[in-house]
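One structure is given below, encoded as structure tokens.
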Amino acid sequence: MPYEHLTFRELTAYYSRVKKYIDDGFRADGLKEELELILKSIKEKARAENLPCDAQAYESEIRRYIRRLRH
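My numbering puts the first residue of the sequence shown at 1, with every later residue one more than the last.
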């Protein structure tokens, strides 16, 4: 999914839905890569929209989800 057209707020809402799917047991090929792309896009959007963003917190959380997907 191209994220250029999403605002930071829309992107974080999308990330929340993806987290819920994972928490509910959803697994799919490419999900790890999707999480990496979401992380990169969140950082870029926060910078572009000049918004405060705890990038380290997002990165830490996304890395935990990626590890969960590996097991």
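Each residue gets a CB set at the ideal place from its N, CA and C atoms; glycine is no exception.
Residue i versus residue j: straight-line alpha-carbon distance, rounded
i, j, result
"Ala28", "Ala46", "27 Å"
"Tyr65", "Ala48", "26 Å"
"Arg70", "Arg9", "28 Å"
"Tyr3", "Glu59", "17 Å"
"Ala57", "Thr12", "13 Å"
"Gly30", "Arg17", "16 Å"
CB-CB length for residue i against residue j, believed under 8 Å
i, j, result
"Tyr14", "Leu6", "7 Å"
"Ala55", "Lys40", "The pair is not a contact, with the Cβ atoms about 10 Å apart (cut-off 8 Å)."
"Leu35", "Ile62", "5 Å"
"Arg67", "Ile22", "In fact, because the Cβ distance is near 11 Å, the residues do not count as touching under 8 Å."
DSSP state of residue i mapped onto helix, strand, coil
i, result
"Tyr3", "coil"
"Ala57", "helix"
"Phe26", "coil"
"Glu33", "helix"
"Glu49", "coil"
Environment of residue i [buried if 16+ CB atoms lie within 10 Å]
i, result
"Leu51", "exposed"
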